[in-house]
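These notes are about the structure you will find just below.
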Amino acid sequence: MTDRELEAKLAACRPALREVIEEFRLADPRERLEYLVDFSLELPDLPPRLAGRMDEMEQVHECQSPVFLHTEMEDGRVRFYFGIPAEAPTVRGYAGALLEGLDGATPEEVLTTPDTVYALMGLNEALTPQRTRGLHALMGYMKRQVIALQA
13 MTDRELEAKL
23 AACRPALREV
33 IEEFRLADPR
43 ERLEYLVDFS
53 LELPDLPPRL
63 AGRMDEMEQV
73 HECQSPVFLH
83 TEMEDGRVRF
93 YFGIPAEAPT
103 VRGYAGALLE
113 GLDGATPEEV
123 LTTPDTVYAL
133 MGLNEALTPQ
143 RTRGLHALMG
153 YMKRQVIALQ
163 A
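Just so we're aligned: the sequence shown equals residues 13 to 163 in our numbering.
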């Protein structure tokens with residue numbers, strides 16, 4: 013990716029997400045994995061009204077681990093909820109990073125976010141292609157749920 017392409021993709025991200033991406037970009041690949049672990053520990057549990065109701069959430073089948081997503085719209089802002097076991101720190105951490113950058117965003121901010129946030133974060137240098145496919149899919153599911161809420 014050229015510098016110009018990178019700048020264009022970063023410009024498409026809301027400021028909160030750009031901050032997360034920059035934090036990862038400045039780190040070496042090993043540190044990026046440590047950041048994922050940190051974000052995985054910070055990912056909030058599902059609220060009581062969603063806990064134990066995974067069958068009502070959408071499963072991201074492309075992920076190696078069980079990953080469930082629920083999206084809501086509140087006062088024109090998007091709220092994301094993730095059900096991901098602690099035993100899956102990679103995808104849980106990525107979800108935590110996306111939550112940090114996109115929770116409370118407008119639908120347009122979510123929909124204009126590049127699908128390859130993981131690559132902007134440099135995670136493609138630290139993870140296997142199979143894992144990055146799951147991360148790529150998660151962003152797609154988030155966007156599809158936002159589109160469905162707008163319908």
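Even glycine gets a Cβ: it sits at the ideal position worked out from N, Cα and C.
Given the structure is predicted, the values throughout are model-derived calculations rather than measurements.
Please tell me whether residue i and residue j are closer than 7 Å, where the distance is taken between their beta carbons.
i	j	result
Y130	L147	yes
M133	F36	yes
R30	A138	no
F94	A107	yes
P119	Q162	yes
V72	V79	yes
A248	S77	Residue 248 is absent from the model: the chain starts at 13 and stops at 163.
Which partner residues does residue i have in the DSSP bridge list?
i	result
F80	Q71, G95
E34	DSSP, once it has assigned bridges, lists no residue as partnering E34.
V90	M85
If residue i sits next to residue j, beta carbons under 8 Å apart, how far is it from one beta carbon to the other, in whole angstroms?
i	j	result
V122	L114	6 Å
Y153	L62	That belief does not hold up - the Cβ atoms of Y153 and L62 are roughly 16 Å apart, past 8 Å.
L135	T144	7 Å
Q142	T83	Actually they are not in contact, since the Cβ atoms of Q142 and T83 sit about 25 Å apart, beyond 8 Å.
V49	G116	Between G116 and V49 the Cβ distance is about 24 Å, and since that is not below 8 Å, they are no contact.
A28	C75	Their Cβ separation, rounded to whole angstroms, is 24 Å, which puts A28 and C75 out of contact at 8 Å.
I96	L55	7 Å
Which of the three DSSP states is assigned to residue i in this structure?
i	result
M13	coil
R65	coil
G116	coil
P60	coil
Would you say residue i reaches chain C, if we count a Cβ-Cβ gap shorter than 7 Å as a contact?
i	result
Q142	The structure shown contains no chain C; it holds only a single protein chain.
Pick out the complete alpha helix (DSSP H) segments inside the segment 122-153, 4 residues or longer, and give them in chain order. 129-132
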